[in-house]
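Novice: Submitted below is the structure of interest, expressed as structure tokens.
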DNA sequence: CGCGACGTTGATTTGCCTCAACGATTGTGG
DNA sequence: CCACAATCGTTGAGGCAAATCAACGTCGCG
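Chains as they are written, first to last, in our numbering: chain A, 340 to 529; chain B, 340 to 529.
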């Protein structure tokens, strides 16, 4: 549940819990439905309760690049757009039937004022995301596609079998064709 | 000055300013001197007052990968190590004579308790870093080396002439040899 | 001066991409 | 419930961006 997730980093009393949950808006997103489209202004942060979302952008040649997967228990948003208030380039789409809680930017600001502990909570969440993002950047600079794939398997063991290969390929940064070859090479080795 | 930088995101009264500055430790780092070595536990965040630092890691083949430059006005740390308390893989080195203020992890926690506004400040700083890190990841997935170089030039115009080419090559993710060729191609074009 | 780091250039190799063709699977409307 | 389209995964042939390895000139600096 979402309060458990928050509870890992800050301690809330009953009133604070109630305030927090009262600001959340429940939403069900069907498979392949978009929660956010490129060009829109991102006005909320989404907590994935069940299912899985992906955040991706399209480059000038029409290719997708998946920036992040958000399985159950994770937050996702187009942070650039959320912070700047400008239209973003990110799409957020459900890779399966997904339930989320939305926290609007306005309510998030309210929360910061009324329960400053939430500044701490989101600082910690953001720090962890930054560490992960830097590590992934480093992996892209120093590992081969094969090594990145193996790492992906250890980080998201549950996603491997429920996700089309195409999307894993996009995440690790290779074409679906190359990904297919790479995978059959790995299978042959073992 | 460092208080101007903080003042862009939060408003402090005189006592708070004094508390904050009293926790900072001034340090001068000479060219090529290390502020942090791979394998050490990172116990502080550093604010660059003058000069420039770089954060980099070495891969298993002995190649450097520059994760970030920190010119004047920027913060730098091995966030992974700082958060987890474990030894990190990052090196932080001065690319020229540099003056920094160090804020120890312990004092940073003190600051969070005594002046909760600093939670907000570091949340915002971290959010901005995350946006930048994600954008760079995206650039590495979707742009050619040449495009990344041109982008680097617009983002760090001042660094281009004061940094060895080797280091720019490392930042954008190519070998020094390829970088040299690429640059002479660009010059020929114009 | 002489050493070590840097930048350049050439020849060759390689990891990954592109384009194209083809089955297998999934989904959809009639 | 079937027919057909769309998407997905696989495989082959060929191409290109960038890496590798090596040689050489240059510069800053102890």
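Even for Gly, the Cβ is constructed at its ideal location relative to N, Cα and C.
Can at least three beta-carbon pairs, one atom from the segment 450-465 of chain A and one from the segment 447-464 of chain B, be found at a separation below 8 angstroms?
Specialist: Counting Cβ pairs under 8 angstroms, three or more are found: they touch.
Novice: Compute the distance between the beta-carbons of residue 472/A and residue 384/B, then report whether it is under 7 angstroms.
Specialist: No, these two residues do not count as a Cβ contact at 7 angstroms.
Novice: At the level of alpha carbons, what is the spacing between residue 439/A and residue 374/A?
Specialist: Taking the straight line from one Cα to the other gives about 10 angstroms.
Novice: Whose CA, out of 357/A, 345/A, 365/A and 382/A, lies closest to the CA of residue 389/A?
Specialist: Selected option, being the one with the closest Cα: 365/A.
Novice: When the distance is taken between beta carbons, is residue 494/B closer than 7 angstroms to residue 433/B?
Specialist: Contact flag unset, no.
Novice: If you drop the 5 nearest sequence neighbours on each side, which residues of the same chain put their C-beta closer than 7 angstroms to that of residue 426/A?
Specialist: Here the set comprises 378, 379, 380 and 420.
Novice: What is the residue span of the beta strand (DSSP E) that residue 425/B lies within?
Specialist: Element bounds for residue 425/B: n/a, residue is neither H nor E.
Novice: Looking only at C-alpha atoms, which of 510/A, 508/A and 358/A sits nearest to residue 447/A?
Specialist: Residue 447/A has its Cα closest to that of 358/A, out of 510/A, 508/A and 358/A.
Novice: Give a yes or no on whether the minimum CB-CB distance between residue 552/B and chain A is below 7 angstroms.
Specialist: With chain B running from 340 to 529 in the structure shown, residue 552/B is simply not present.
Novice: From the DSSP output, in three-state form, read off residue 493/A for me.
Specialist: Three-state result, residue 493/A: helix.
Novice: Around the Cβ of residue 392/B, are there at least 16 other Cβ atoms within 10 angstroms (buried) or fewer (exposed)?
Specialist: Result: buried.
Novice: Pull up the DSSP beta-bridge partners for residue 521/B, would you.
Specialist: Bridge partners of residue 521/B: none, in fact.
Novice: Would you be able to state if there are at least three C-beta pairs under 8 angstroms between the segment 406-420 of chain B and the segment 349-357 of chain B?
Specialist: At 8 angstroms Cβ cutoff, the stretches do not touch.
Novice: Do residue 483/B and residue 429/B have their CB atoms nearer than 7 angstroms?
Specialist: Result no, Cβ atoms of residue 483/B and residue 429/B do not sit closer than 7 angstroms.
Novice: Assuming residue 498/A and residue 444/A form a contact by the criterion Cβ under 8 angstroms, report the distance between their Cβ atoms to the nearest whole angstrom.
Specialist: Not confirmed; about 29 angstroms, so no contact.
Novice: Using the DSSP secondary-structure output, state which residues sit across from residue 503/B in a beta bridge.
Specialist: Residue 503/B pairs with nothing; no bridge assigned.
Novice: Could you please give the first and the last residue of the uninterrupted alpha helix (DSSP H) stretch that includes residue 460/B?
Specialist: Start and end: 456-481.
Novice: Would you decide whether residue 526/A is buried or exposed? Buried here means 16 or more other CB atoms lie within 10 Å of its CB.
Specialist: By the 10 Å Cβ count, residue 526/A comes out exposed.
Novice: At a CB-CB cut-off below 9 angstroms, which residues of chain B make contact with residue 455/A?
Specialist: The answer, in chain order, is 455, 456, 458 and 459.
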